[in-house]
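Trainee: This is the structure I want to talk about, given as structure tokens.
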Amino acid sequence: MKKILAILMLLMLNLNIALAQNLEIDETNLSEKDIQYLSAWTSLAVYNDKFSLLARDILKSNGWNIRFYNEQIAKSDVKYLLADKKINDKDIFFLSISGTSSWQDVKTDLAVEATVFQGHNLDEFLQSRNDKDLSETKPLVHKGFLQYVQDGFFSANSSGEILGLDLVEHLKQCPEDKIYITGHSLGGAVAELLTARLLDMGVSSNQTETITFGAPAVGNKTFVDMYEPKMNLTRITMKGDIVKNLAQIANERFVQFNTNEVWTVSKLENDKFAHNMLLYFDRAIKNYYDSKEDIALATEDIETCETYVAKPKYDFPNELQSEINYMNLALKDKLLKEDEDCFVDLSDDDLSSNVFQKAKALNAKYVVFYEFSANKIKDSTSNKRYYIYGSKYIYDINGNLIRGFSATSDTKEMTVLQSVLYLECQFK
């Protein structure tokens, strides 16, 4: 059984690619979809590839202070990201814990033995783990996930910090502040146990919210019954994601929390591994824009702008048409954040002459056109993989071409929406 689980865990390695775009959110009044979107964003940014590094830069540009931790410990490969921002004189934290991304993480996943989960301080935590009475009347949890919590948050890191204790002290002293704890897969399981630890140490449940993506079960029924009423937990799973069930397959004692929200992979992407965080992120983007569409499409009441961006043009097959509205909204968000003196016109007007007339009426200096097209990858084992081609043209107000850019991506790993956003980042 462990060999089978190890193979499945290895399939999860190197599947997580983050891409950069704007976080256009009213952070003074976070809605459920806002929180899920930010959680998905930070759950991607915690990885350590070049796209994740870019994602951290985007978070920073939106005013978030970022601290990234990567500690190689004998029993855990600890990776997490702590983002904080002061909003209305309150500190808001997003703590994102990495999913399975190394062989050490796989070994953590496979340490499915149960151990007792009790205590209110560090000494009591360690004592409970030495308890040999593993009866079902006690709260029991996944030994590997709990070891990660101990190593990552209640042991001194290389800087001498014990982040779990620091968070407890801060939140107790500042009862108006709040922390959102999130993670994908292994990271989501650790997020649930860490939240339970903080509550046991006296942090108010009103100050914590936990959002997990594709997280496996972490404890037995006694543990779930004890902590589910205390935790503000949203456990998001993707239909067809088998990884979330692996801990229960390996140890029948473990059960899931009931606070589950089931998402469905887009038909365009259902040939991909349903556990992939990119698919959770794709769904989070779309849910977010579905909740913001009226605002995002509203015509700004402006008198002047320096750069006028025409509505992007797409030469897409019929099956990709449903993605275009999301692409427009995401591109608009990104461009407006990068240039406050920019106007993005999403009205339907295909005549370039009318575009220049509108730009002149706003005293614009530049006019920008985007064009995207898609062709199926013929030699792919799937008939749902595409090459995505993109171009960007910058004109002066008199119609003279100043610069042009082109780039190519594909949907072998990224989704169609993410591929277009990735291309826009390459137009430099």
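According to mature numbering (1 follows the signal peptide of the UniProt record, and there is no 0), the sequence shown holds residues -20 to -1, 1 to 408 in order. Just so you know, even glycine gets a beta-carbon here, dropped at the ideal spot from N, CA and C. None of the values given here were measured: they were computed from a predicted structure.
Using a Cβ distance threshold of 8 Å, determine whether the region 130 to 148 contacts the region 64 to 71, with at least three qualifying pairs required.
Mentor: The region 130 to 148, when compared against the region 64 to 71, does not touch it at the 8 Å Cβ threshold.
Trainee: Starting from TYR27, follow the alpha helix (DSSP H) in both directions and report where the run begins and ends.
Mentor: Translated into the one-based positions of the sequence shown, residue 27 becomes position 47. No alpha helix (DSSP H) contains TYR27, which DSSP labels as neither H nor E.
Trainee: When the Cβ atoms of the region 287 to 302 are set against those of the region 320 to 330, are three or more pairs found closer than 8 Å?
Mentor: A contact exists between the region 287 to 302 and the region 320 to 330.
Trainee: Closest by CA to GLY43, which one among LYS317, TYR367, LEU381, TYR369?
Mentor: By one-based count along the sequence shown, residue 43 stands at place 63. The candidate whose alpha carbon is nearest that of GLY43 is LYS317.
Trainee: Rank SER371, ILE304, LEU381 by C-alpha distance to the C-alpha of VAL396 and give the top, closest one.
Mentor: Here the question's residue 396 lines up with position 416 in the sequence shown. VAL396 has its Cα closest to that of ILE304, out of SER371, ILE304, LEU381.
Trainee: Which of the three DSSP states, helix, strand or coil, is assigned to GLU393?
Mentor: Locating residue 393 in the sequence shown gives position 413, where the first residue counts as 1. Three-state result, GLU393: coil.
Trainee: Roughly how far, in whole angstroms, is the beta-carbon of PHE193 from the beta-carbon of SER23, given that I think they are within contact range, below 8 Å?
Mentor: Your numbering for residue 193 matches position 213 in the sequence shown. Your numbering for residue 23 matches position 43 in the sequence shown. Contact holds; Cβ gap of about 6 Å.
Trainee: Using a threshold of 8 Å, state whether the C-beta atoms of LEU126 and THR162 are closer than that.
Mentor: The residue you call residue 126 lines up with position 146 of the sequence shown. The residue you call residue 162 lines up with position 182 of the sequence shown. It is not a contact, given that the beta carbons lie outside the stated cut-off.
Trainee: How would you label ARG47, buried or exposed, when you count the other beta carbons within 10 angstroms and need 16 or more for buried?
Mentor: In the sequence shown, counting from the first residue as 1, residue 47 sits at position 67. Under this definition ARG47 is an exposed residue.
Trainee: Reducing DSSP to helix, strand and coil, say where VAL347 ends up.
Mentor: Reading the sequence shown from its first residue, position 367 is the one you call residue 347. VAL347 falls in the strand class under three-state DSSP.
Trainee: Give me the Cα-Cα distance between residue 411 and THR214, rounded to the nearest whole angstrom.
Mentor: Outside the modelled stretch of the chain, which goes from -20 to 408, sits residue 411, for which no answer is possible.
Trainee: Do you know how far the Cα of TYR346 is from the Cα of THR284?
Mentor: Start at 1 with the first residue of the sequence shown, and residue 284 comes out as number 304. Start at 1 with the first residue of the sequence shown, and residue 346 comes out as number 366. The straight-line gap from Cα to Cα measures roughly 12 Å.
Trainee: What residues match up with CYS322 in a beta bridge as DSSP calls it?
Mentor: Your numbering for residue 322 matches position 342 in the sequence shown. Answer is THR287, bridged to CYS322.
Trainee: When you compare the CB positions of GLU208 and THR239, do they come within less than 8 Å of one another, or not?
Mentor: The residue given as residue 208 occupies position 228 in the sequence shown. The residue given as residue 239 occupies position 259 in the sequence shown. Yes, they are a contact pair.
Trainee: Under 8 Å, with one C-beta from each stretch per pair, do the region 108 to 115 and the region 148 to 159 reach the 3-pair mark?
Mentor: They do not touch, by the three-pair rule.
Trainee: Among residues of its own chain, excluding the 5 on either side of PHE133, which ones have a beta-carbon nearer than 7 Å to its beta-carbon?
Mentor: Counting from one through the sequence shown, the residue named residue 133 turns up at place 153. Same-chain partners within the cutoff: LEU143, GLY144, LEU174.
Trainee: If you draw a straight line from the alpha carbon of TYR60 to that of GLU172, how long is it in whole angstroms?
Mentor: Along the sequence shown, read from residue 1 onward, the residue named residue 60 stands at position 80. Along the sequence shown, read from residue 1 onward, the residue named residue 172 stands at position 192. Their backbone Cα atoms lie some 14 Å apart in a straight line.
Trainee: Does the Cβ of HIS255 have 16 or more other Cβ atoms within 10 Å, making it buried, or fewer, making it exposed?
Mentor: Mapped onto the sequence shown, residue 255 falls at position 275. Buried is the call here.
Trainee: Return the Cβ separation of ASP131 and ILE53 in integer angstroms, given the expectation that the two are a contact with Cβ distance under 8 Å.
Mentor: The residue given as residue 131 occupies position 151 in the sequence shown. The residue given as residue 53 occupies position 73 in the sequence shown. Indeed, because the Cβ distance is near 5 Å, the residues count as touching under 8 Å.
Trainee: Please state whether DSSP places ASP98 in a helix, a strand or coil.
Mentor: Sequence index remark: in the sequence shown, residue 98 carries index 118 (1-based). It should be pointed out that residue 98 corresponds to Gln in this sequence rather than to Asp. It is coil, neither helix nor strand.
Trainee: In whole angstroms, what is the alpha-carbon distance linking MET181 and PHE73?
Mentor: Position 201 of the sequence shown, counted from the start, is the residue given in the question as residue 181. Position 93 of the sequence shown, counted from the start, is the residue given in the question as residue 73. Looking at the two C-alpha atoms, the distance is approximately 18 Å.
Trainee: Tell me which residues share the same chain as PHE407 and place their Cβ nearer than 6 Å to its Cβ, disregarding the 5 neighbours each side in the sequence.
Mentor: Counted from its first residue, the sequence shown places residue 407 at position 427. Counting only Cβ-Cβ distances below 6 Å, and skipping sequence neighbours, we find LYS372, PHE385.
Trainee: Applying the criterion that 16 or more other CB atoms from any shown protein chain within 10 Å of the CB defines a buried residue, is SER184 buried or exposed?
Mentor: Indexing the sequence shown from 1 puts residue 184 at position 204. With fewer than 16 other Cβ atoms within 10 Å, it is exposed.
Trainee: Restricting to Cα atoms, I'd like to know which of VAL129, MET206, GLN107 is closest to LYS118.
Mentor: Your numbering for residue 118 matches position 138 in the sequence shown. Closest option to LYS118, Cα to Cα, is MET206.
Trainee: Distance, Cα to Cα, VAL170 vs ASN110?
Mentor: Locating residue 170 in the sequence shown gives position 190, where the first residue counts as 1. Locating residue 110 in the sequence shown gives position 130, where the first residue counts as 1. Their Cα atoms are separated by approximately 20 Å.
Trainee: Do you know how far the Cα of VAL348 is from the Cα of ASN298?
Mentor: Your numbering for residue 298 matches position 318 in the sequence shown. Your numbering for residue 348 matches position 368 in the sequence shown. Spanning the two alpha carbons is a distance of roughly 26 Å.
Trainee: Relative to the alpha-carbon of TYR366, which residue among THR388, SER76, VAL245 has its alpha-carbon at the smallest distance?
Mentor: Counted from its first residue, the sequence shown places residue 366 at position 386. Measuring from the Cα of TYR366, the nearest candidate turns out to be THR388.
Trainee: Can you list, in chain order, the residues of its chain with a C-beta nearer than 7 Å to that of LYS210? Leave out the 5 residues immediately preceding and following it.
Mentor: Taking the sequence shown and counting its residues from 1, the one referred to as residue 210 is at position 230. Around LYS210: LEU179, SER185.
Trainee: So, for GLY167: in the same chain, excluding its five sequence neighbours on each side, which residues have a beta-carbon less than 6 Å away from its beta-carbon?
Mentor: By 1-based counting over the sequence shown, the position of residue 167 is 187. Closer than 6 Å at the Cβ level, and outside the excluded window around GLY167, lie ILE77, SER78, GLY79.
Trainee: Residue range of the beta strand (DSSP E) that residue 413 falls in?
Mentor: Limits of the chain in this structure are -20 at one end and 408 at the other, which puts residue 413 out of reach.
Trainee: DSSP on LEU342, reduced to helix/strand/coil?
Mentor: If you number the sequence shown from 1, residue 342 lands on position 362. Three-state DSSP puts LEU342 in coil, outside helix and strand.
Trainee: What alpha helix (DSSP H) runs, 4 residues minimum, are completely inside the region 142 to 170?
Mentor: Taking only runs of at least 4 residues, the alpha helix (DSSP H) segments lying wholly in the region 142 to 170 are 143 to 153.
Trainee: Report the option in ALA354, ALA310, GLY220, SER108 whose CA atom is closest to the CA atom of CYS405.
Mentor: Within the sequence shown, numbered from 1, the residue matching residue 405 stands at position 425. Checked all of ALA354, ALA310, GLY220, SER108; the closest Cα to CYS405 is ALA310.
Trainee: Please report the distance separating the alpha-carbon of GLU232 from that of GLY199.
Mentor: The residue you call residue 232 lines up with position 252 of the sequence shown. The residue you call residue 199 lines up with position 219 of the sequence shown. Computed Cα separation, rounded: 10 Å.
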